[in-house]
Each structure stands twice: as C-alpha cells, then as structure tokens.
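S.K.: FYI, in full-length UniProt numbering the residues of the sequence shown are 1 to 136.
Before we start, here is the structure in question, set down as structure tokens.
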Amino acid sequence: MTQTRYPQELHWLLDDLVRRIGEIRQAVLVSRDGLLISASTGIPQGDADRLAAVSSGLHSLAGGVREHFSKTEVKQTIVELDDSLYFLAAAGEGTCLGVLADAGGNIGLVGYEMATLTTRLHKHLGVAARITRPHT
C-alpha cells in the first residue's frame, strides 16, 4: 500500500484560520481514514490524533445518513457542545477539515471561512474536492 504524502507546511493555513477568526480555537486537517495530516499550533499531539480519529467516524456516520435519506453530498457536520461547536467539512479527495469554535460565535462566518480554506487547500493537496456519488 502506498502512503499518500502531504506537504508538511499545511499547518500555516490552519494557524492563519485560527488567528483571523476569533471564535475558532483549533483546526485540524485529517484523512478520512482517521490519520492526522496537519493541525493548528497549540494542539497537543495526542489530542490532535484523537480528533482525527473522531472526525473520521463523524464523517462516516454523516455519510450513512446521506446514503439512506438524501443521496446528495455531505457538506458539513456540526457537533454542538455546551461551550463549543465542532465543524467538519470535506476538504478534498480523502480529507476533512475540522474546526473547534466557541459556542455563541458567528457560525455563518466559521462555515464561510472553512469553505474558503478548503478551496485554498485543494492546490496544496493536489486534488479536487471529493464529490460523493450515490451507490448504484
């Protein structure tokens, strides 16, 4: 099996997102099989690895809802906690962008900035965003 190599400098894109948007605490870029690709500065390695694994599971569960009820693309998954929100969005072929943000923040802004970043990530990952097609 060939392991996909990702550029090591992707963390600067995540750091920029966290720096510019005050309600965002942390950001991770993960493979859909649960491996950490990159993380914003300040996340302990163990926490980033755990978030990558959880993100993979969340994306898979959202895909299950899609397959059964909608047959359209999963655009975003949001987990609401008492003090924060976790956003997860497809970022390219086999990758997801996860963002932990303060509850009560501007979720529209967070979603917009995530969409903008996923577009920027495409050229660094070298692949287009994944378009999920229904199984036939």
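For every residue, glycine included, the Cβ atom is placed at its ideal position computed from N, Cα and C.
Check for me: the alpha helix (DSSP H) holding Leu51 runs from which residue to which?
M.R.: Gln45 to Val65
S.K.: Taking its Cβ as the centre, do 16 or more other Cβ atoms sit within 10 Å of Ala61, making it buried, or is it exposed?
M.R.: In the sequence on display, residue 61 carries Leu and not Ala. Result: exposed.
S.K.: I'd like to know whether the C-beta atoms of Gly98 and Leu85 end up nearer to each other than 8 Å.
M.R.: no
S.K.: Would you tell me roughly how many angstroms separate the C-alpha atoms of His124 and Phe69, rounded to the nearest one?
M.R.: 33 Å
S.K.: Less than 8 Å between the beta carbons of Ala90 and Val74, yes or no?
M.R.: yes
S.K.: Hey, His59 and Ser40: beta-carbon distance below 8 Å or not?
M.R.: Judged by beta-carbon spacing, Ser40 lies beyond the 8 Å limit of His59, meaning their Cβ atoms are not closer than that value.
S.K.: Expressed to the nearest angstrom, what Euclidean distance is found between the alpha-carbon atoms of Leu29 and Asp83?
M.R.: 22 Å
S.K.: Name the one or two DSSP bridge partners that Val28 has.
M.R.: Val28 pairs with Ala39 and Gly98.
S.K.: When DSSP builds the beta bridges, which residues end up paired with Gly92?
M.R.: Thr95
S.K.: Where do the N-terminal and C-terminal ends of the beta strand (DSSP E) with Glu80 fall, by residue?
M.R.: Thr77 to Glu80
S.K.: Is it buried or exposed, Val65, if we count other Cβ atoms within 10 angstroms and call 16 or more buried?
M.R.: exposed
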